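Scroll down for the structure; my scribbles are underneath it.
Residue numbers (my numbering): 56 to 345.
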């Protein structure tokens, strides 16, 4: 009789939901992949030591405007490369948020800019000439190797490791939705999009909708909005770029009330510090959240 009562009690608990099974619904991961604000290296057009290359006043203004643009987005996690220009950008974005309870930025070495130690102190134009020289000999852009610098394999492996780990963490999250801010760098973000477009399976993604436009080098504080549908069990991860190159918040008005021309970025597709971005235009503009 005692065993019957125990069984009855267990059935009652199951019936009234006191015993709960783990959720099997998909987790939606929305990743806001951001490039940092304008930094001193962008303005000087010199490859500076990463920890001695902070944001300029214009870069801080850009980050603030992006934060205002995303103020109603409820971030559940925030990551940034541990370099000053990215970490400060992320902090400023979160400071503007009205919806986000998370105010701590997690420093993440795996989304640092590519380590080009061999180019430190060189002018951007000289760095580009070096890369172009390699390409003239038949070396592909993605395979160019700078002496005394990080190899392509090392660079790609850490990027893949970061996003793959993030996806797996979200898979076991108690939340059905995870919204992540990740502030990184021009070449890092570009390489991540190239990897997703060509090697999505390396991230454990079976279904990826290609978006070649996302491979263009990003301007300061522009972002890609990427959505991942992550099943908890027995199904394929699918993902797509919901919004590439959102940059309306840095168009229109200028931080110094002066309109200047923006150089064509396509001529500066090799090095973070080789891209002028808005270093000369210093354009800023408020936009509604995306």
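For glycine and all other residues, C-beta sits at the position ideal for the given N, C-alpha and C.
None of the values given here were measured: they were computed from a predicted structure.
Notebook entry, point to check: DSSP three-state call for residue 304: helix, strand or coil?
Noted result: helix
| request: Tell me the start and end of each unbroken alpha helix (DSSP H) in the region 162-236 that is at least 4 residues and wholly inside, in chain order. | output: Counting only runs of 4 or more, we get 179-191 and 207-226.
Would residue 118 and residue 144 be called neighbours here (beta carbons separated by less than 8 Å)? yes
So, at 8 Å on beta carbons, what are the nonlocal neighbours of residue 233 in its own chain, with the 5 sequence-adjacent residues on each side left out? 82, 83, 84, 85, 131, 132 and 225
Original post:
Below 8 Å between beta carbons: does that hold for residue 264 and residue 295?
Top reply: yes
Does the distance from the C-beta atom of residue 216 to that of residue 173 stay below 8 Å? no
Exercise for the section: Give the secondary structure of residue 156 by DSSP, where H, G and I count as helix, E and B as strand, and everything else as coil. Expected result: coil
task = Taking all protein chains shown into account, decide if residue 187 is buried (16 or more other Cβ within 10 angstroms of its Cβ) or exposed.
result = Answer is exposed; the Cβ neighbour count stays below 16.
Euclidean distance between Cα positions of residue 256 and residue 245
For residue 256 and residue 245, the distance between alpha carbons rounds to 18 Å.
**Message:** Let me check one thing: in DSSP terms, what residues is residue 265 bridge-paired to?
**Reply:** Checking the DSSP bridge columns, you'll see residue 265 has no partner listed.
Legend entry - Spatially closest choice to residue 90 from 304, 285, 182 and 274, by CA coordinates: Residue 90 has its Cα closest to that of 274, out of 304, 285, 182 and 274.
*Are the beta-carbon atoms of residue 106 and residue 138 separated by less than 8 Å?*
yes
Problem - Coil, strand or helix - residue 85 by DSSP - result: strand
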